[in-house]
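Residue numbers (the numbering used here): 21 to 549.
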């Protein structure tokens, strides 16, 4: 048995020795093949013939390991060619090409900003406020196109287009060709690449644009006149209309105005209206205005649509809230010597504190929504009407002003000014009593919370606001009154009713003491009286 175990051990050793010899031979063969490959063709051929094995059956056993080991040797770098070390890495040109491609894309993106008017809401504004920025029923444009919960309205868009083609006796190709001519111009209005084919994009613009125009017309001439039944779930002034109007005023849910104008002009000969499209749009959104003043849109539009036709309904609505006095009002010029503490003082106090400083509040009778003035210690503010769509409206207007570099910050300035005035339901109650704020919400607390949450992440410089002068005047007036004798007497000694009662009691006691003393002295000097 011992002899058998030794024989088996010798056999294993022989196999190991043979395998080792085979590997060493493969390495030497691989190195020889590499040297031969770098030599001249004649020498390489001669050496290959000398070292070529005679037994062709052994050749695969020699080439297999040698080729595998040859690759390992090359990767290890033990036998590197000097010319290979001087040659630049193959990956370097790829890196250069990639960077050049990225630079070109960045330059193209920069050039596209000039025509950009319909923006995606920045993430720092959108956090926690999705409902105010995202449409709930209808999608317009590419940003929310095709979303599952909005697809139901697509059938109503097709139904709307069918009504238009029937009334006008037009062919659908007329509308598609008209929009196709300005497709690239329309794409440039949107932020980022639009992952839609040309046909898909043009079809979307036609359907959405005709849907919007039909709503504009139906509100003025009644939808039944346009051929819709009285119980229509969409094309009537009941049911979903208010939610649709709110969706249509959102920044991410807009269509370039020149698209709407093109589609409107195609139908103009078959319409009973003589109004221009901008006026129809403002009349459609009229009930969303945060004021109940009489509206005269003929004098309200102070810009030319052909010059700014890349804009949209939200920008048009914003422009209708402004007026020439606000636009001409320049922000307060910044003094380079003014320190940051003085700038911060322009943030005015709340209504309660300003009243304590002697400032009065009154309603300003004007249809100019943003026209706030301060005269003779009285802050005069036009009436503000707050409804369930006010929050979404203000948030989208502020977002547009934050994104669009060609417009000012008038709406943002107004909202921040009101936010400074309102800190509590008590402030809302006083403004309501003065006729400045009317609201349809549940309580004064909801109104206060609304204003306190509108501008939490907004980037804003109070010194570049059209209300900076008013803020400075209010702050200066309240500051002087705060350090006057009347203010100190009222807040230091008469801060609560018990102080007032104590003061009156002390005053009566003092008066009685004075009277008693007077009669005592008088009777002493004139005893006979």
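No residue lacks a Cβ here, since even glycine has one placed at the ideal position from N, Cα and C.
Quick one: Cα of residue 173 to Cα of residue 156, how far?
Start at 1 with the first residue of the chain shown, and residue 173 comes out as number 153. Start at 1 with the first residue of the chain shown, and residue 156 comes out as number 136. It is roughly 11 Å from the alpha-carbon of residue 173 to the alpha-carbon of residue 156.
Could you tell me how far apart the beta carbons of residue 140 and residue 211 are, in whole angstroms, since I believe they sit closer than 8 Å?
Here residue 140 refers to the residue found at position 120 of the chain shown. Here residue 211 refers to the residue found at position 191 of the chain shown. The pair is a contact, with the Cβ atoms about 5 Å apart (cut-off 8 Å).
Alpha carbon to alpha carbon, what distance is there between residue 431 and residue 390?
If you number the chain shown from 1, residue 390 lands on position 370. If you number the chain shown from 1, residue 431 lands on position 411. Rounded to whole angstroms, residue 390 to residue 431 spans 8 Å at the Cα level.
Start and end of the alpha helix (DSSP H) containing residue 236?
Position 216 of the chain shown, counted from the start, is the residue given in the question as residue 236. Its alpha helix (DSSP H) spans residues 218-241.
Name the DSSP bridge partner or partners of residue 381?
Sequence index remark: in the chain shown, residue 381 carries index 361 (1-based). Answer by DSSP bridge pairing, in chain order: 399.
State the CB to CB distance for the pair residue 226 and residue 196, rounded to an integer number of angstroms; the pair is presumed to be in contact (CB under 8 Å).
Stepping through the chain shown from its first residue, residue 226 is reached at position 206. Stepping through the chain shown from its first residue, residue 196 is reached at position 176. About 6 Å separates the two Cβ atoms, so the contact holds.
So residue 236 packs on residue 265, CB below 8 Å; how close in whole Å?
The count along the chain shown starts at 1 and reaches residue 236 at position 216. The count along the chain shown starts at 1 and reaches residue 265 at position 245. With 8 Å as the limit, residue 236 and residue 265 do not qualify as a contact, their Cβ atoms being about 11 Å apart.
Just to confirm, is the Cβ distance from residue 427 to residue 330 under 7 Å?
Looking up residue 427 in the chain shown gives position 407. Looking up residue 330 in the chain shown gives position 310. Taking C-beta atoms as the reference points, residue 427 and residue 330 fail to come closer than 7 Å.
The alpha helix (DSSP H) enclosing residue 405, as first and last residue numbers:
As a working mapping, residue 405 is identified with position 385 in the chain shown. It is not in any alpha helix (DSSP H) - residue 405 instead sits in the beta strand (DSSP E) that spans 404-406.
With 7 Å set as the bound, which would you pick, yes or no: does the beta-carbon of residue 490 sit closer than that to a beta-carbon of chain C?
As a matter of chain content, chain C is missing from the structure shown, which is built from one protein chain.
Please report the distance separating the alpha-carbon of residue 553 from that of residue 520.
This structure does not reach residue 553, given that the chain is present from 21 up to 549, and the question cannot be answered.
Would you mind sorting residue 78 into buried or exposed? The rule is 16 or more other CB atoms within 10 Å of its CB.
The residue given as residue 78 occupies position 58 in the chain shown. Any reading at residue 78 must be qualified, since the residue scores a pLDDT of 41, below 50, and its modelled position is unreliable; no value is offered.
Can you tell me whether residue 613 is buried or exposed, with buried defined as 16 or more other CB within 10 angstroms of its CB?
With the chain covering only 21 through 549, there is no way to say anything about residue 613.
For residue 394, which residues of its own chain have a beta-carbon under 8 Å away from its beta-carbon, when the five flanking residues on both sides are left out?
Here residue 394 refers to the residue found at position 374 of the chain shown. These residues qualify, in order along the chain: 400, 490, 493, 494, 497.
Same chain, Cβ closer than 7 Å to residue 405, five either side skipped, listed in chain order
Start at 1 with the first residue of the chain shown, and residue 405 comes out as number 385. Closer than 7 Å at Cβ, skipping near neighbours: 310, 311, 312, 458.
On a CA-only basis, which of 134, 116, 115, 113 is nearest residue 552? Give me that one, please.
Limits of the chain in this structure are 21 at one end and 549 at the other, which puts residue 552 out of reach.
Which of helix, strand or coil DSSP assigns to residue 539
Within the chain shown, numbered from 1, the residue matching residue 539 stands at position 519. Residue state, collapsed to three classes: helix.
How would you label residue 439, buried or exposed, when you count the other beta carbons within 10 angstroms and need 16 or more for buried?
The residue given as residue 439 occupies position 419 in the chain shown. So residue 439 counts as buried.
If we ignore side chains and look at the alpha-carbon of each, how far apart do residue 398 and residue 382 end up?
Here residue 398 refers to the residue found at position 378 of the chain shown. Here residue 382 refers to the residue found at position 362 of the chain shown. One C-alpha to the other measures close to 7 Å.
Ends of the alpha helix (DSSP H) at residue 448?
Here residue 448 refers to the residue found at position 428 when the chain shown is read from its first residue. Residue 448 -> alpha helix (DSSP H) spans 445-453.
Between the alpha carbons of residue 385 and residue 535, how many angstroms are there, rounded?
Here residue 385 refers to the residue found at position 365 of the chain shown. Here residue 535 refers to the residue found at position 515 of the chain shown. One C-alpha to the other measures close to 54 Å.
Compare the C-alpha of residue 198 against each of 284, 180, 375 and name the closest.
In the chain shown, the residue the question calls residue 198 occupies position 178. Nearest option by C-alpha distance: 284.
Checking 7 Å against the spacing of the C-beta atoms, do residue 259 and residue 246 come in under that value?
As a first step, residue 259 is located in the chain shown; it is residue number 239 there, counting from the start. As a first step, residue 246 is located in the chain shown; it is residue number 226 there, counting from the start. Contact: no.
Tell me the rounded alpha-carbon separation between residue 169 and residue 143.
As a first step, residue 169 must be located in the chain shown, where it is residue number 149. As a first step, residue 143 must be located in the chain shown, where it is residue number 123. Annotation: residue 169 to residue 143 spans about 22 Å, alpha carbon to alpha carbon.
Whole-angstrom C-beta distance between residue 425 and residue 271, which should lie under 8 Å:
Indexing the chain shown from 1 puts residue 271 at position 251. Indexing the chain shown from 1 puts residue 425 at position 405. About 15 Å separates the Cβ atoms of residue 271 and residue 425, ruling out a contact at the 8 Å cut-off.
Between the CA atoms of residue 297 and residue 277 - distance to the nearest angstrom:
The residue you call residue 277 lines up with position 257 of the chain shown. The residue you call residue 297 lines up with position 277 of the chain shown. Take the alpha-carbon of residue 277 and the one of residue 297: they are about 9 Å apart.
Buried or exposed, going by whether 16 or more other CB atoms sit within 10 Å of the CB of residue 584?
It is not possible to answer for residue 584, since the shown part of the chain is limited to 21 through 549.
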